[in-house]
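>
2 protein chains.
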Amino acid sequence: MAIKEGLRPGGRSARVQESVHSAVRDLLEEQDRATVTVPQIAARAGVTPSTIYRRWGDLSVLLADVALARMRPESEPANTGSLRGDVRAWAEQYLDEMSSEPGRNILRDVQCSTTPALCATIIGGQLQTILDRYPDQPKPNVDRLINMVAAPTVFRILFSAAPLEVEELHRLIEIALSQ
Amino acid sequence: MAIKEGLRPGGRSARVQESVHSAVRDLLEEQDRATVTVPQIAARAGVTPSTIYRRWGDLSVLLADVALARMRPESEPANTGSLRGDVRAWAEQYLDEMSSEPGRNILRDVQCSTTPALCATIIGGQLQTILDRYPDQPKPNVDRLINMVAAPTVFRILFSAAPLEVEELHRLIEIALSQ
DNA sequence: CGCTTAAAGCAAATTCTTTGTGTTAAGGTC
DNA sequence: GACCTTAACACAAAGAATTTGCTTTAAGCG
Chain A
1 MAIKEGLRPG GRSARVQESV HSAVRDLLEE QDRATVTVPQ IAARAGVTPS
51 TIYRRWGDLS VLLADVALAR MRPESEPANT GSLRGDVRAW AEQYLDEMSS
101 EPGRNILRDV QCSTTPALCA TIIGGQLQTI LDRYPDQPKP NVDRLINMVA
151 APTVFRILFS AAPLEVEELH RLIEIALSQ
Chain B
180 MAIKEGLRPG GRSARVQESV HSAVRDLLEE QDRATVTVPQ IAARAGVTPS
230 TIYRRWGDLS VLLADVALAR MRPESEPANT GSLRGDVRAW AEQYLDEMSS
280 EPGRNILRDV QCSTTPALCA TIIGGQLQTI LDRYPDQPKP NVDRLINMVA
330 APTVFRILFS AAPLEVEELH RLIEIALSQ
């Protein structure tokens, strides 16, 4: 029991999880998200449907699990040498990734999960990393950046006809940094 | 064909719609949203499941339809006599309504619908009404208010562990109005 | 190496969704 | 107001997804 969670992360379990996640990612590329079913995923992953139901509960939880894994960034935010530059670079990339069709779906799926709060945590972590690079500079706290930069970006993608314009994004960043 | 949509809004159709909407609202109060099913709604509403499937397609669409109807405000934003007061009153009420359990679910359901863009339209309409009351005053445009007030409110509710604090909401409003 | 048990497989039972066909009642016409 | 046309609903059977009881496999431990 010297392992992370109270589960069995060893060989088979891990293989099944990876196989299922991979099947989900593949299917989401091939077809519309609304048409993906659990039996279909199971077949692709070489697993029994009941395995998926027993482990994840239902489709929305599985999709959220996969979406959260994809949301977790694989690299540090770009370091441009200035606070403004770093925030801009991060925000532009985030806007770009999430306003695509698959990006929107990731946001949707995460949001339907039981722990969508992790989303703000991940974003906050990224932004905090940037802020920590400039310790001797007057700057807003993470919360403010989340509220004024990340929030409108995500909100527009999910609830508006058109995503945030890059110009408006820049203006919001200026306002946030000047407070 | 002098009617709104290309449908038949007359007697029976309207009755069924109201009956189904009402059944959904009732069930959402009695039990967890994840446990509500179409056959259950149909039984409560006194209609056949196939009626619901034929008319709405599936559960998520129906829930979104009900959620959108609930989101549509029944009254004008409060008129306090000042721009700041009106925006504050609106934002506080919105934060309050949407951070409750049913409120969160409404946001989720709308967001999963095919026309979540209507959400920004409704919010924008409310805010525009407020702005129009003060024509001779320097003020931000609706977009800015949506981005700096509504967006963080909704984002926090959906993706963060805790909703926006009222103090931070007030600060964001100050910043938005001072630009 | 063998023991214990979490996690997967399998299959039957249940529940939900789809679909073909017949019936009801809006909305329009005379 | 009686008659037509057809959108919207009811019913029932077929199809698909989900749940559940039981069996088998293999991870982790002594």
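Top line first, the protein sequences correspond to chains A and B. Quick note, the first sequence lines up with residues 1 to 179 if you use the numbering used here. Quick note, the second sequence lines up with residues 180 to 358 if you use the numbering used here. Every residue, glycine too, gets a C-beta built ideally from N, C-alpha and C. Note that the coordinates shown come from a computational prediction; the quantities given were computed from them, not determined experimentally.
#1: Rounded to whole angstroms, what's the CA-CA distance from G124 (chain A) to S75 (chain A)? Just pull it up for me.
#2: Please list the segments of the alpha helix (DSSP H) lying wholly inside the segment 250-312 of chain B, counting only runs of 4 or more residues, in order along the chain.
#3: Give every residue of the same chain whose Cβ lies closer than 8 Å to the Cβ of L177 (chain A), excluding the five residues on either side of it in the sequence, and list them in chain order.
#4: If you measure from the beta carbon of N326 (chain B) to each beta carbon in chain A, is any gap under 8 Å?
#5: Taking only three categories from DSSP, how would you classify Q196 (chain B)?
#6: Report yes if the C-beta distance between Q307 (chain B) and P252 (chain B) is below 8 Å; otherwise report no.
#7: State yes or no: is the beta carbon of P73 (chain A) nearer than 8 Å to at least one beta carbon in chain B?
#8: Note down, in chain order, every chain B residue with its Cβ under 8 Å from the Cβ of A117 (chain A).
#9: Could you give the C-beta distance for Q290 (chain B) and F159 (chain A), rounded to a whole number, given that I count them as a contact under 8 Å?
#10: Excluding the five sequence neighbours on either side, which residues of its own chain have a C-beta within less than 8 Å of the C-beta of D315 (chain B), listed in chain order?
#11: Is the CB of A299 (chain B) under 8 Å away from at least one CB in chain A?
#12: Can you tell me whether T125 (chain B) is helix, strand or coil according to DSSP?
#13: Identify which residue in A:D96, A:P39 and A:S113 has its Cα closest to the Cα of R283 (chain B).
#14: Would you say V345 (chain B) lies against chain A (beta-carbon separation less than 8 Å)?
#15: Contact criterion: CB-CB distance below 8 Å. Does L172 (chain A) meet it with respect to chain B?
#16: Anything in chain B within Cβ reach of I175 (chain A), meaning under 7 Å, just list it in chain order.
#17: State the start and end residues of the unbroken alpha helix (DSSP H) segment that holds V345 (chain B).
#18: Using only CA atoms, which one of A:A91, A:I41 and A:R144 lies nearest to Q179 (chain A)?
#19: Following the continuous alpha helix (DSSP H) through A330 (chain B), name the residue where it begins and the one where it ends.
#20: With a cut-off of 8 Å, does the C-beta of P102 (chain A) fall near any C-beta of chain B?
#21: Please report the Cβ distance between N326 (chain B) and P152 (chain A), rounded to the nearest whole angstrom; I am assuming they are in contact, meaning their Cβ atoms lie under 8 Å.
#22: Taking DSSP as the reference, what is the three-state secondary structure of K183 (chain B)?
#23: Mind pulling the chain A residues with CB within less than 8 Å of Q210 (chain B)?
#24: Is R25 (chain A) near V66 (chain A), with beta carbons less than 8 Å apart?
#25: Beta carbon of I157 (chain A), beta carbon of S99 (chain A): below 8 Å?
#26: Can you confirm whether Q362 (chain B), when its beta carbon is compared against all beta carbons of chain A, has any partner nearer than 8 Å?
#27: 8 Å is my cut-off, CB to CB: does Q219 (chain B) come that close to chain A?
On the basis of the data shown:
#1: Against the first sequence, residue 124 (chain A) aligns to sequence position 124. Against the first sequence, residue 75 (chain A) aligns to sequence position 75. C-alpha separation (whole angstroms): 15 Å.
#2: 262-277, 280-291 and 296-311
#3: As a first step, residue 177 (chain A) is located in the first sequence; it is residue number 177 there, counting from the start. Counting only Cβ-Cβ distances below 8 Å, and skipping sequence neighbours, we find L83, R84, V87, K139 and P140.
#4: Taking the first residue of the second sequence as position 1, residue 326 (chain B) is located at position 147. Yes - at least one Cβ of chain A is within 8 Å of the one on N326 (chain B).
#5: Within the second sequence, numbered from 1, the residue matching residue 196 (chain B) stands at position 17. Of the three classes helix, strand and coil, the one that applies to Q196 (chain B) here is helix, per DSSP.
#6: Start at 1 with the first residue of the second sequence, and residue 307 (chain B) comes out as number 128. Start at 1 with the first residue of the second sequence, and residue 252 (chain B) comes out as number 73. For Q307 (chain B) and P252 (chain B), no; Cβs fall outside 8 Å.
#7: What you label residue 73 (chain A) is simply residue 73 of the first sequence in a count that begins at 1. No, because no Cβ of chain B sits closer than 8 Å to the Cβ of P73 (chain A).
#8: One-based indexing of the first sequence puts residue 117 (chain A) at position 117. Simply F338, S339 and A340.
#9: On the second sequence, residue 290 (chain B) is found 111 positions in, with the first residue counted as 1. On the first sequence, residue 159 (chain A) is found 159 positions in, with the first residue counted as 1. Contact holds; Cβ gap of about 7 Å.
#10: For the purposes of this step, residue 315 (chain B) is taken as residue 136 along the second sequence, with counting starting at 1. For D315 (chain B), where only same-chain residues beyond five positions count, there are no Cβ hits under 8 Å.
#11: The count along the second sequence starts at 1 and reaches residue 299 (chain B) at position 120. By this cut-off, A299 (chain B) is an interface position.
#12: Lying outside 180 to 358, the shown extent of chain B, residue 125 (chain B) is not represented and no answer is given.
#13: Taking the second sequence and counting its residues from 1, the one referred to as residue 283 (chain B) is at position 104. For the residues A:D96, A:P39 and A:S113, the minimum Cα distance to R283 (chain B) belongs to A:S113.
#14: Along the second sequence, one-based indexing puts residue 345 (chain B) at 166. No, no contact with chain A.
#15: Within the first sequence, residue 172 (chain A) is the residue found at index 172, counting from 1. It does; some Cβ of chain B falls within 8 Å.
#16: Locating residue 175 (chain A) in the first sequence gives position 175, counting from the first residue. Under the 7 Å cutoff, chain B gives I354 and Q358.
#17: Numbered from 1 along the second sequence, position 166 holds the residue referred to as residue 345 (chain B). Run containing V345 (chain B): V345 to S357, per the alpha helix (DSSP H) assignment.
#18: As a working mapping, residue 179 (chain A) is identified with position 179 in the first sequence. It is A:R144.
#19: Translated into positions along the second sequence, residue 330 (chain B) becomes position 151. First-last of the alpha helix (DSSP H) with A330 (chain B): A330 to F338.
#20: As a position in the first sequence, residue 102 (chain A) is number 102, starting the count at 1. No, P102 (chain A) lies away from the interface with chain B (no Cβ there is under 8 Å from its Cβ).
#21: The residue given as residue 326 (chain B) occupies position 147 in the second sequence. The residue given as residue 152 (chain A) occupies position 152 in the first sequence. About 4 Å separates the two Cβ atoms, so the contact holds.
#22: In the second sequence, counting from the first residue as 1, residue 183 (chain B) sits at position 4. In this prediction, K183 (chain B) scores a pLDDT of 38, lower than 50, which makes its location untrustworthy; the coordinate-derived value is nonetheless stated afterwards. Note: K183 (chain B) maps to coil in three-state DSSP.
#23: Numbered from 1 along the second sequence, position 31 holds the residue referred to as residue 210 (chain B). Under the 8 Å cutoff, chain A gives no residues; its nearest Cβ is about 16 Å from Q210 (chain B).
#24: Residue numbering aside, residue 25 (chain A) sits at position 25 when the first sequence is read from its first letter. Residue numbering aside, residue 66 (chain A) sits at position 66 when the first sequence is read from its first letter. Closer than 8 Å, so yes.
#25: Here residue 157 (chain A) corresponds to residue number 157 of the first sequence, with the count starting at 1. Here residue 99 (chain A) corresponds to residue number 99 of the first sequence, with the count starting at 1. For I157 (chain A) and S99 (chain A), yes; Cβs fall inside 8 Å.
#26: Absent from the model: residue 362 (chain B). The displayed extent of chain B is 180 to 358, so no value can be given.
#27: Translated into the one-based positions of the second sequence, residue 219 (chain B) becomes position 40. By this cut-off, Q219 (chain B) is not an interface position.
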